[in-house]
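One structure is given here, and the rest of the page talks about it.
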Amino acid sequence: MNLEMLMQDPALWGLGIATLAFAMLAVSVKNLVHAVLWLGMSLLGTAALFAKFDASFLAAIQVLLYVGGVVVLLIFGVMLTREHDNLAAFRTTRRPVRAALVAIALFVGLVHAILNTPGLGDPSAGKLVSMPDLGMSLLGPYAFAFEVLSLLLLAAMVGAVVLARKRDPGQPSAKKLIRHRNLGRQVVEGLAATDEVGQ
Amino acid sequence: MNARHPGPTSDRYRLEQMDADADLMVLNFGPQHPSTHGVFRIKLILDGEVVVRAIPYAGYLHRGVEKLLERLTFAQGVPIVDKNDYVAPMTNEQALVMAFEKLLKIEVPRRARWMRTIFAELQRIASHMLWLGTFALDMGGALGGGSGVFIYTFRERDYILDLFEMVTGGRFHYNTHTIGGNRHDIPPGWDREVTKVLDLIESRLPEYEAMSSNNAIFVARTKGVGVIDKELALGLGLTGPILRASGVDFDLRRDAPYHAYDELKVNVATATAGDCQARAQVRVAELRDSIRLVRQGLAGLPEGGINGGKPIKMPQQFKTMTGQAYVGIDTPRGELGTFVVAGGGDKGTAPYRCKIRAPSLHALSALPWILPGHTVSDVVVILGSLDPIMGEVDR
Amino acid sequence: MQGLLRGLVYGGLIITVLMTATAWGMWLERKLAARMQSRIGPNVVGKFGLLQPVADLMKLLQKEEIYPIGADRLLFDLAPFLVTTFAIATAAVVPFSAEAVGADLDVGLLWVLALGGLMVIPVWMAGWASNNKFALIGGMRAVAQSISYGVPLVLTSLVAVVFTGTMSLSGIVKFQIEHGWLALWPPGPGVVAFVLFYMALLAESNRIPFDIPEAESELVAGITTEYTGMKFGLLYVGEYVHTMVGSAIAAVIFLGGWDGPFHIASGLHWMVIKTVALFASVYWVRWSLLRFRSDQLMRLCWLYLVPVSLGLVVFAALWRHFVLR
Amino acid sequence: MGYLLDSIRALGVTAKNIGRKPVTVQFPKVIRERQERYRTSFALLKDEQGEERCVGCLACERICPSQIIHMSSTKKESPVTGKKRGYLDDFTLDMTACIFCELCVQVCPFDAIVMLKVPHEPGYVREDLVLTMAKLYENAEKPLTWGNGTKLMEMQEPPKPAPAQAAAPVPAPAAAPVPAAVPVPAAAPAPAPVPVPASAAAAEPAKTEAP
């Protein structure tokens, strides 16, 4: 256990506190867009922590997938919602006691799992997993799991495409264009009778 | 609040009634916008980036030219129309002066008519050069390849302005036409300069085409975009290159010759697609034909006087109480008509009414028809392909 | 502590050098663009207008800060700062020579791609926070474009990774010193991969013909419409730094980095020459081409660039397996 | 692929233009050579005896479409010729609204007002743009443009029948075929078309046809 040594590292403290603060902000601000932003910052902080522990691959993946991917997805989600600046509208239930219980249980569980992890605190642990090793193990012993996961993701992707297509048939269809064009004609015919067009 | 003016509170065009299943957004495109070719506003109603409706608003550049023409006498009126179509100013003068001449029954000498032809065609070259540049600018941006084409065409257009400066002394506000002919004769050696400039432009045209109208990106942006079919073009009274690009073989220079076009053969370029690419092709073809026409005009320029009437000495020089006249000429943008009714001013020294039929105004009237279904990017391209000049639209 | 100090010193150095290089990169671009258009370009401030970037900076610093009504102030302020930060952070792992490298990460390439993908967030923030419809459309276009072109960018870099068997940027260069530049070797696919990477780079850094997020003839100025003063300057600089760093990375991955016939300062000059040449070529392209429409951009990406780069990855894997083993 | 090839062609064009000389003229340092007839700003002239040419006949004030010329004059005995003639008391020309139509120059019977070949200097206040009489006489020192009333009128006068016929050779019309149906009015240049009624031909302020 080298926890004491880690505890004395000010950079670690700073990063940890910043990450936590961003996480707190993410769940407490009223503005949905800000919430997504703080979540992204919190994830960045996590990535920085990974980098601090020399797990640079994990850090890069964290940034690439979580900040670059998930947050952007969330942004798209936010853009599709109507009320951006009033998150209170979404909080229909407020049960702080139960929420706190769940959070504490999760926290205890996580701490327990972390403290029981073998090799914790060994500064060289991150170095052990080199890039080639990682690649070899992904495509060697864990190839099956890897492929199954890929298949799952593919299925999800296909499903998403199918779902999206159902609502709006793909490319701007001729039908839609014609509808728009006819609307244009109607407007012009209407304009013949009016000068001012209100909205 | 009547049927004709329902006012802004009318629910006739309420946004929520426009398209039930779409999130619509109103985008005020202009009047301050880099590619509205002046001050022009289109209210775009967007579904995502696709235009659902487009409502154009003109009038931001209104200067009351038609009213001014009623107040000024025939002799004074000519210089002020220079500012209508500020890309081809001489054609404005020509249209107005020809209508006045028709009304006052003044005949123009042959040399003056040939000179007017040469001027008109040079203006067409200058105008189409500017159009090509601004059209590329619409597509390539002021911070991109578009500005390259723009500056190249502007560079060569400036040489044409130099030519006009040699004749008239002005680069922009020429006032070189007068009722009955021209005010300035061609100075000696002018034809050599013209030939030099035309050779330069002709040799560099392939360069602009490589960067714009022959470029695959240009084709991708213009092909099938903003299609104006024959019926729509005829129904809206579109003229000039837009009409010719829609497959109507009509050109006033050939079909109702004026100036010296009865002695020169005009090759009318047409296309059938009616899209932005067709309009571009027609204009580029016209550019080449105009170069040829100027050369022929210079070769056949007759000697003689340049003014059939008396030179202007006082404002009340020309007067008539009766009659009306309409003259339409083919400017780079289409039929520029002037309808003038005699009998205004002090004892008929001014027009009672002077109506200018601006081709750009008619071109813009196509916007609500052709914009819906296109994206915001296409709006810019379509507007550019119509080549509107706001000075002429609003007058 | 020593590591921290080294990081600070090198970080400061890289920021200084990069910003200076970018400033005079702008000058170079303006001069180049002017000459392409039969103009003179900046020539008033200093000899040959060389002090123009300084003058621009002074001007931007003096300008009034304007917040549009209804703007999201937090995001509005944060966005330019983040754009520049991410752009510069990418440079930390770029090996400018065998010695001059900030952090020679195992996963250098991954880091570069991750941060490049991150650029989209502040750009979107800028578009969103401006409370301007043109800016919003620009921001949305930026997101869509950046995500789409991230795919060929990653795939073409993957070609290099498969060939070299390493994700470390200096490792890639060392491999190229041994085997030859990836843009030239293996003949054919290498060039294609380079061209695709270059195109994706143009799109990622929002340069013509892929500059639809800014598209000043359509969207006034896209995301920068409402920005003034130094915040506008930072957005602007961020884009240029992004392009500069992107050029450096392209030089590293495909043009052999610091490899070259003569070695001064362990090949640093080769890296500088290659980077500046690529940087200038980006602007040569910029001032020569027209712009695509957004849907054409997407079609080009998903129908041509992505399949071709996927094919290149397969080719690289086969080559690696059968030829290089 | 087409995109790529065309893009390379476009790149070639810009590369070609790098080699061309810049056409920019750095205005205040370098002044473009102006054509002989180039016209801006105004000047009032004095004749050889140093007498003001302008007699205050109001011709230019009346013709100006923008109505920017204002003058007042009194009749005095000329110190040179001893005859009574008008002298300007005041003359202003408001450049803020001038459209440079050259009509005032054309109508001046004494060639008193002419235009300059060098542009008017920009001013800091609007008053700088109003040309007072003093400024107009000062401007006479600057390079003048080609045109004055006499020359412009001469150029526009319909050619006198006799000398014009002798001087003007009839050039062949352009090679283009002439549409047969279209009547060609006045194909020969010789008899100058004088549609103005004969009575008006001689009168100085031309009274044109009054139907």
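Chains as they are written, first to last, in this note's numbering: chain Y, 634 to 832; chain A, 133 to 527; chain L, 112 to 436; chain C, 160 to 370. Ideal placement from N, C-alpha and C gives every residue a C-beta, glycine not left out.
#1: Looking at the C-beta of H316/A, does it have a partner C-beta in chain C at a distance below 8 angstroms?
#2: Okay, do the stretch 284-302 of chain A and the stretch 323-330 of chain A touch, 3+ Cβ pairs below 8 angstroms being the bar?
#3: Which residues of chain C have a Cβ atom closer than 8 angstroms to the Cβ of T305/A, listed in chain order?
#4: Are the stretch 236-245 of chain C and the stretch 286-302 of chain C touching by the rule of at least three beta carbon pairs closer than 8 angstroms?
#5: How far does the beta strand (DSSP E) with T199/C in it extend, from its first residue to its last?
#6: Just the chain A side, please: which residues come within less than 9 angstroms of L275/C by C-beta, in chain order?
#7: May I have the straight-line CA-CA distance separating Y775/Y from P765/Y, to the nearest angstrom?
#8: Please state whether the Cβ-Cβ distance between F201/C and M274/C is less than 8 angstroms.
#9: Helix, strand or coil: how does DSSP classify L273/C here?
#10: What does DSSP give as the partner residues of N178/A in its beta bridges?
#11: Have a look at R415/A and H260/A and give me their C-alpha separation to the nearest angstrom.
#12: In three-state DSSP terms, what is V359/A?
#13: Could you work out which residue in R195/A, Y306/A and G369/A is closest to L493/A when comparing CA atoms only?
#14: Taking a Cβ distance cut-off of 8 angstroms, strictly less, list which residues of the stretch 222-241 of chain L are near chain Y, in chain order.
#15: Would the beta-carbon of L264/L fall within 8 angstroms of that of F308/L?
#16: Given a threshold of 16 other Cβ atoms within 10 Å of its Cβ, counted over all protein chains shown, does H745/Y qualify as buried or as exposed?
#17: Determine the direct distance from the alpha carbon of A294/L to that of V306/L, and round the result to whole angstroms.
#18: Starting from Y484/A, trace the beta strand (DSSP E) both ways and give me its first and last residue.
#19: By a C-beta neighbour count over all protein chains shown, 10 Å radius and 16 as the cutoff for buried, is E363/A buried or exposed?
#20: Run through chain A and tell me which residues come within less than 8 angstroms of F441/L, C-beta to C-beta.
#21: Do the stretch 197-206 of chain L and the stretch 124-138 of chain L touch if we need at least three Cβ pairs shorter than 8 angstroms?
#22: Rank G250/L, M278/L, F207/L and A246/L by C-alpha distance to the C-alpha of A225/L and give the top, closest one.
#23: For L503/A versus L518/A, is the C-beta spacing smaller than 8 angstroms?
#24: Based on the DSSP output, what are the partners of F471/A in its beta bridges?
#25: Report the residue ranges of all alpha helix (DSSP H) runs contained in full by the stretch 223-284 of chain C; include only those spanning at least 4 residues, in chain order.
#26: Counting only C-beta atoms, is L164/C closer than 8 angstroms to chain L at any point?
#27: Could you check what DSSP says for P297/L in three-state terms: helix, strand or coil?
#28: Tell me, please, whether the CB atom of L201/A is closer than 8 angstroms to any CB atom in chain L?
#29: For a contact defined as C-beta to C-beta under 7 angstroms, what are the partners of L295/C on chain L?
#30: Quick check on the burial criterion: 16 or more other C-beta atoms within 10 angstroms. Buried or exposed for K234/C?
#31: Does the beta-carbon distance from I257/A to I423/A come in below 8 angstroms?
#32: Against F670/Y, what residues of chain L qualify as contacts under a CB-to-CB distance less than 9 angstroms, listed in chain order?
#33: Helix, strand or coil: how does DSSP classify H353/L here?
#34: When burial is assigned at 16 or more other CB atoms within 10 Å of the CB, is H309/A buried or exposed?
#35: Going straight from the alpha carbon of N242/L to that of D217/L, what length do you get?
#36: Hey, does M343/A have any beta-carbon neighbour from chain C nearer than 8 angstroms?
A quick look at the data gives this:
#1: Walking along the second sequence from the start, residue 316/A turns up at place 184. So, interface residue.
#2: yes
#3: In the second sequence, the residue the question calls residue 305/A occupies position 173. For the sequence presented, residue 305/A should be read as His rather than Thr. Within chain C, the residues near H305/A are I258, F259 and C260.
#4: Taking 8 angstroms as the limit for Cβ pairs, the verdict is that the stretch 286-302 of chain C does not touch the stretch 236-245 of chain C.
#5: Along the fourth sequence, read from residue 1 onward, the residue named residue 199/C stands at position 40. Where T199/C is concerned, the enclosing beta strand (DSSP E) stretches over T199 to L203.
#6: As a first step, residue 275/C must be located in the fourth sequence, where it is residue number 116. The premise fails here: L275/C is roughly 11 angstroms from chain A at the closest Cβ pair, so nothing lies under 9 angstroms.
#7: As a working mapping, residue 775/Y is identified with position 142 in the first sequence. As a working mapping, residue 765/Y is identified with position 132 in the first sequence. Near 14 angstroms, if we compare the C-alpha coordinates of P765/Y and Y775/Y.
#8: Against the fourth sequence, residue 201/C aligns to sequence position 42. Against the fourth sequence, residue 274/C aligns to sequence position 115. Their beta carbons are under 8 angstroms apart, which means F201/C touches M274/C by this criterion.
#9: Here residue 273/C corresponds to residue number 114 of the fourth sequence, with the count starting at 1. Reading the sequence as shown, one finds Val at residue 273/C and not Leu. Strand at V273/C.
#10: Against the second sequence, residue 178/A aligns to sequence position 46. Strictly speaking, residue 178/A in this sequence is Leu, with Asn absent from that position. Answer is M157/A and V183/A, bridged to L178/A.
#11: As a working note, residue 415/A is residue 283 in the second sequence. As a working note, residue 260/A is residue 128 in the second sequence. Cα to Cα, the separation comes out at about 7 angstroms.
#12: Reading the second sequence from its first residue, position 227 is the one you call residue 359/A. Residue state, collapsed to three classes: coil.
#13: Here residue 493/A is taken as the residue at index 361 of the second sequence, counted from 1. Looking at the Cα atoms, G369/A is the closest of the given residues.
#14: W222, L224, A225, L226, G228, L229, V231, I232, W235, M236 and W239
#15: Taking the third sequence and counting its residues from 1, the one referred to as residue 264/L is at position 153. Taking the third sequence and counting its residues from 1, the one referred to as residue 308/L is at position 197. Against a cut-off of 8 angstroms, the Cβ pair of F308/L and L264/L comes out as a contact.
#16: For the purposes of this step, residue 745/Y is taken as the residue at position 112 of the first sequence. That one is exposed.
#17: Residue numbering aside, residue 306/L sits at position 195 when the third sequence is read from its first letter. Residue numbering aside, residue 294/L sits at position 183 when the third sequence is read from its first letter. Going by the C-alpha atoms only, they are around 9 angstroms apart.
#18: Here residue 484/A refers to the residue found at position 352 of the second sequence. That residue, Y484/A, is in no beta strand (DSSP E); it is neither H nor E in DSSP.
#19: If you number the second sequence from 1, residue 363/A lands on position 231. The residue in question, E363/A, is exposed, as its Cβ has fewer than 16 Cβ neighbours within 10 Å.
#20: Not covered by the structure: residue 441/L. The range shown for chain L is 112 to 436.
#21: yes
#22: Here residue 225/L corresponds to residue number 114 of the third sequence, with the count starting at 1. Cα-wise, what sits closest to A225/L is M278/L.
#23: As a first step, residue 503/A is located in the second sequence; it is residue number 371 there, counting from the start. As a first step, residue 518/A is located in the second sequence; it is residue number 386 there, counting from the start. Contact: no.
#24: The sequence position of residue 471/A within the second sequence is 339, counting from 1. Beta-bridge pairing links F471/A to Y458/A and K487/A.
#25: 262-266
#26: Within the fourth sequence, numbered from 1, the residue matching residue 164/C stands at position 5. So, not an interface residue.
#27: Translated into the one-based positions of the third sequence, residue 297/L becomes position 186. DSSP places P297/L outside both helix and strand once states are collapsed to three, so it counts as coil.
#28: What you label residue 201/A is simply residue 69 of the second sequence in a count that begins at 1. No - not a single Cβ of chain L is within 8 angstroms of the one on L201/A.
#29: For the purposes of this step, residue 295/C is identified with residue 136 of the fourth sequence, where counting begins at 1. None at all; the shortest Cβ gap to chain L is about 35 angstroms.
#30: Along the fourth sequence, read from residue 1 onward, the residue named residue 234/C stands at position 75. Result: exposed.
#31: Residue mapping note: residue 257/A aligns to position 125 of the second sequence, counting from 1. Residue mapping note: residue 423/A aligns to position 291 of the second sequence, counting from 1. Yes; because the gap between Cβ atoms is below 8 angstroms, this pair is in contact.
#32: Taking the first residue of the first sequence as position 1, residue 670/Y is located at position 37. Note that residue 670/Y corresponds to Leu in the displayed sequence, not to Phe. The contacting residues are L185, L186, L189, I232 and M236.
#33: Here the question's residue 353/L lines up with position 242 in the third sequence. It is helical.
#34: By 1-based counting over the second sequence, the position of residue 309/A is 177. Result: buried.
#35: The residue labelled residue 242/L in the question sits at position 131 within the third sequence. The residue labelled residue 217/L in the question sits at position 106 within the third sequence. Their backbone Cα atoms lie some 42 angstroms apart in a straight line.
#36: Here residue 343/A refers to the residue found at position 211 when the second sequence is read from its first residue. Taking Cβ atoms only, chain C reaches closer than 8 angstroms to M343/A, which makes this a yes.
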